[in-house]
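Have a look at the structure below before the remarks.
Number of protein chains: 2
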Amino acid sequence: MRKKYVIVGGAAAGPKCASKIRRLDQTAEITIIQKGKYLSMASCGYPYFIGGVFDEKEKLIATPTGTIRNPDFFAATKDIKALTNTEVIRIDKENKQVTAKNLETGEETIYPYDKLMVSTGSTPIVPNLPGKELEGVTTLHDINSALYIKEQVKSGNIKKAVVIGGGLIGIETAEAFELAGIKVTIVERLDEILPFLDDQLGMLVHNHIEAKGARIITGNSAMRFIGEAGHVKAVELENGEQIECDIAVMAIGVRPNSKLAADAGLKIGDTGGIATNIFMQTSDKDIYAAGDCVEVTDLVTHKKILWPMGDAANLQGRIAAKNMSMGNHSEYEGVIMTGVCQVFDYGVGIAGLSEKRAAQYGYSAIVSVIHASPDKPGFMGGKPLIIKMLADTETCRLLGVQVVGPGDVSKRLAIAAMAITAKMRITDLESLDLPYAPPYSLAIDSFIATAHALENKWQERMESISALEVMEKLNRGEKPFLLDARSPVEFDQMRLGIGETLVPFGKLRSTNLLPEDKNREIIAYCKISLRGYEAYCYLKNQGYTNVKVMEGGILAWPYKREK
Amino acid sequence: MRKKYVIVGGAAAGPKCASKIRRLDQTAEITIIQKGKYLSMASCGYPYFIGGVFDEKEKLIATPTGTIRNPDFFAATKDIKALTNTEVIRIDKENKQVTAKNLETGEETIYPYDKLMVSTGSTPIVPNLPGKELEGVTTLHDINSALYIKEQVKSGNIKKAVVIGGGLIGIETAEAFELAGIKVTIVERLDEILPFLDDQLGMLVHNHIEAKGARIITGNSAMRFIGEAGHVKAVELENGEQIECDIAVMAIGVRPNSKLAADAGLKIGDTGGIATNIFMQTSDKDIYAAGDCVEVTDLVTHKKILWPMGDAANLQGRIAAKNMSMGNHSEYEGVIMTGVCQVFDYGVGIAGLSEKRAAQYGYSAIVSVIHASPDKPGFMGGKPLIIKMLADTETCRLLGVQVVGPGDVSKRLAIAAMAITAKMRITDLESLDLPYAPPYSLAIDSFIATAHALENKWQERMESISALEVMEKLNRGEKPFLLDARSPVEFDQMRLGIGETLVPFGKLRSTNLLPEDKNREIIAYCKISLRGYEAYCYLKNQGYTNVKVMEGGILAWPYKREK
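Dropping the structure here:
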């Protein structure tokens, strides 16, 4: 008897699951039922399509060799029946069948299954703002919206865009517009964009985006869309400001499409996502689920979270397929919340927890550090990386790593993701044997150097202060002795201008510029704060009682510099 | 009392150790004694200096901000006394002192120590060939040789070079010459260059180097240097062939400088390197050692090995410094033999064991696979990666990963290095949460996809064959049915031409081209062998008893193609 598999949803997890089932079971009868017109779309590519990195929409729905992944493709190559424009409207788990409605004809058909996959995806959250029905107000979530925005961009009628939401998708969308020559304003409700980052790193990315010409408004929300002849002309904010635009993209997040599953009586988690066990099996033993519609375990905090990411969807779909066809044997443990995005010339990302998220989860004994260094030697064209690393001092385990900058960010995030997955401790990172050669890294890779700084701080061999804390002190009117340990040449080219004293590190042991009061607070820094740290060590030994290193030095300074 | 530290050797481990001691102990009396003229050289940068990536020799001995790391620098910034042109000729461990000889004046001075660091480095192996004293015959190991070769290159008198040794340094040197417009021949004694790679991957790199214009001679050795007016003019090989050249660089390896330590009665390991414990402490409790002169533990096989790498030297020097100044508390466990190099447009490297090395170490139950895929989506300009992964089927642990190709190799090696360090098993790699976004990777990263292929093979869901084994079969006159599963368009653009039959994957279920004999051997492949694998699954189910997938498909084919 041919085993019947029905797959609800044809975006990422669904087709991956169907294809894997086919490889495992050649006799299976496999049906994908997809609500939309397209199958197996490269959704994560939409911003690059809009930005003009490529212009052929076929590339969004084609195999690497150029074959369009339509129903014919699935039939011919995989013997998989794929129905498009067809919506599953009911799961009858008692009778093990689904009812699907052809969205063109309205006809309803019943499909029995032995095993069912629910991969219904997610829907963008669209706040109920006045004017949201105007032409030009859109999201960027499905291929139709991508095609719509691309067409608008290509028409040349769009000069200005507003992106509502400064998260990952919002920033990618904003970059796409800028690359396409369209002036963008990003509106973010929270105090800083990319809220998965801690503030200082978010500010550095913020500065970079503004330097590329985009405007960023934080701490403000869109309240309504203003139209003219049915087309959006401006977005009005909470504070009354109106931002002119020819297009407005809402990118404030997505919610899991779990209603179909809920209506069928499947267990839904507190997050709103479909609950599954480690085998991607729902509360019904013959129904599995994967992709944006499920909740997953965050392996750092052991909490359930929503994690609507394309890589996770594919991996979950694959694990589900193995278990659906061969019985439960293959485990999907969860994620560590690794994310990365390209923001103009910067890479930006995180693996594990940020410090603010760690605080939310009640971690109380955190040690963290911000470290700056080039990703490879200067003579090989090294570019800066700013890395923030945190660990739990109770378990000594690495909790999270954030990386931003023009250097090779994704590699350090990959290293971080592996370290967090493997539950490595601070000392496990001290002498990692990473691939070293000058074209790829420093002899001591930036990641390892950051771990060294974290260890110094954890072992109380270094007291440090962040740029944000320094700025707060200055704003409070405090007058710490700010010691810039660089050379006069460097000082001349670039400096903070916050009342610092230049004491070149090579002169530190002979200078008379140091404060007489050994209890005066001294904050030492340099370009990346290695010399700052060495100055710290010296000053402590000289009897100064209140010395700190400013973490990451000038490279991690997120405020305007004098020069 | 100021504690006295003496550091023998000023290249990498030594200065790192000295600087770290200073940070930990501001009152210490620290002396570096360096035989050569320069200190703290960026030795790994020599090939790039010669190749013209940069031309300022100062960059090899300067801090990132441009300060030359000479004795004045060490004195002013770190209060470290650095003696150059001074050789330690004797360690007297009973009296805790060393005797150093000023190489300019011949004067001998005694330096007492509380803790001693031996970081005497390594010496290139120079075979005793006739003519080796000729002008133009050199190694590339120290800064003098780098300056000499650079000068020769800049003089414009060099048109042809021979590099003897096809290992990492040899290949980097050969690339440097090619970049400088000099015609190179590489001579390697073994059957293939880069012997740390398994043959198929070595062959792919070999092809790439030859495509860039260099000549490679394997399975042959240099026997003598032929001169004219005191200058090398040719290298004569074992087979009598004479290769004309204006310069000949020997790069056949290094040996540890352990004689000073041996003469002092310190324990030397079977490898010839100085033996240390996990604290980098030698057999004398007050003497530590680090860098090229020590042996280290290979954490995969638990054997002692020599590992003369710049990153390891720095990390060892740092650990030694911590233990020397604060008592033994910080452990250096060893290496997993991670190495990477840039070879023109390819990255090339390994972490852990190759299959041939695993066999040498007696691993008998190995599963391995070669996988090819782009490093990111085609629409983002993805470039191929060829990955070989092996695991021990007894422990299920990942043993080694090799990566070559124009794609982002160093990132996948970094992931591999972390996975091996963390002793991950095949199934631990299935659903890794790596940083995914289209500018950086496929939704299922090449590394994870390779692990999936390995899992399929390990679980006997896939039988596969390497290109080398296919070629052996063909050479033996066997006639397997070679099934190219790509499209006619692809076949037209590129094909192996080894008697294959084109059966486009989309036609496989309806074709009449398949062999009638169900026991005939079928070898299926495509560009990367994903369709090859899907064809395999189908054919097995159709009752074919002897089907195999050719691993890595055409991308991993290391022989000449018809087209």
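Line by line, the protein sequences are chains P and G.
First residue of the first sequence? That's 49 in my numbering, and the numbers climb one at a time after it.
First residue of the second sequence? That's 49 in my numbering, and the numbers climb one at a time after it.
Using N, Cα and C, we set each Cβ at its ideal position, and we do this for glycine too.
Everything numeric in this text was worked out from a predicted model, so none of it was measured.
Asked, Found
"Output the distance between the C-alpha atoms of N118/G and G99/G, rounded to the nearest integer angstrom.", "25 Å"
"Which residues bound the beta strand (DSSP E) around R303/G?", "302-304"
"Which residue marks the beginning of the alpha helix (DSSP H) containing A32/P, and which one marks its end?", "In this structure chain P extends from 49 to 611, so residue 32/P is not present and cannot be described."
"Just by C-beta distance, which residues in the segment 247-273 of chain G are closer than 8 Å to chain P?", "none"
"May I have the straight-line CA-CA distance separating P612/G from T443/P, to the nearest angstrom?", "A question about residue 612/G goes unanswered here, because the residues of chain G that appear run from 49 up to 611."
"Taking V101/G and M298/P to be in contact with their CB atoms under 8 Å, please state how far apart those CB atoms are, rounded to whole angstroms.", "The Cβ separation is near 47 Å, so there is no contact."
"Taking just the CA atoms, how far does L530/G sit from L108/P?", "32 Å"
"Which full runs of the alpha helix (DSSP H) of 4+ residues lie inside the segment 199-254 of chain P, going along the chain?", "216-227"
"Which residues does DSSP pair with L433/P in a beta bridge?", "S421/P"
"Give me, in chain order, the residues of the same chain whose beta-carbon lies closer than 8 Å to that of Q364/P; leave out the 5 immediate sequence neighbours on both sides.", "A61, M328, A338, G339, V342, V344, Y380"
"Go ahead and pull the three-state DSSP assignment for Q82/G.", "coil"
"8 Å is my cut-off, CB to CB: does D127/G come that close to chain P?", "yes"
"Taking the alpha carbon of L490/G as the reference point, which residue from E564/G, A222/G, G455/G has its own alpha carbon closest?", "G455/G"
"How about K575/G: is its C-beta nearer than 8 Å to some C-beta of chain P?", "yes"
"Once DSSP output is grouped into helix, strand and coil, what is the label at D440/P?", "strand"
"Are there three or more Cβ pairs, one per stretch, closer than 8 Å when the segment 579-590 of chain G is compared with the segment 65-80 of chain P?", "yes"
"In whole angstroms, what is the alpha-carbon distance linking T324/P and G58/P?", "19 Å"
"If we require 4 or more residues per run, which alpha helix (DSSP H) segments fall completely within the segment 492-517 of chain G?", "494-506"
"Counting contacts by CB-CB distance shorter than 8 Å, is K527/P in contact with chain G?", "no"
"Does the separation of the CB atoms of V283/G and E183/G fall below 8 Å?", "no"
"Return the CA-CA distance between E292/P and I206/P, expressed in angstroms with no decimal places.", "11 Å"
"Where L195/G and G204/G are concerned, what is the direct C-alpha to C-alpha distance, given to the nearest angstrom?", "15 Å"
"List, in order along the chain, the chain G residues whose C-beta lies closer than 9 Å to that of Q450/P?", "None at all; the shortest Cβ gap to chain G is about 11 Å."
"Count the other CB atoms within 10 Å of the CB of A462/P; is the residue buried (16 or more) or exposed (fewer)?", "buried"
"Run through DSSP, which three-state label would Q329/P get?", "strand"
"Can you name the residues that DSSP bridges to E156/G?", "K149/G"
"Check whether the Cβ atoms of S421/P and L433/P sit closer than 8 Å, and answer yes or no.", "yes"
"Bridge partners for S170/P per DSSP, in chain order?", "P304/P"
"Output, in chain order, the set of chain P residues within a Cβ distance shorter than 9 Å of K535/G.", "This sequence places Ser at residue 535/G; Lys is not what is there. Result: T113, G114, T115."
"Near E511/P, which residues of its chain fall below 6 Å by C-beta distance, leaving aside the five closest residues on each side in sequence?", "K596"
"Rank L252/G, T441/G, K505/G by C-alpha distance to the C-alpha of M472/G and give the top, closest one.", "T441/G"
"Check the Cβ of Y380/G against every Cβ in chain P and list those closer than 7 Å, keeping chain order.", "S479"
"Alpha carbon to alpha carbon, what distance is there between G395/P and T469/P?", "21 Å"
"According to DSSP, which residues form a beta bridge with H279/P?", "E183/P, E276/P"
"Please name the residue, chosen from A312/G, K404/G, S306/G, V417/G, that lies closest to D247/G on a Cα-to-Cα basis.", "K404/G"
"Shorter than 8 Å from the beta carbon of V201/P to some beta carbon of chain G?", "no"
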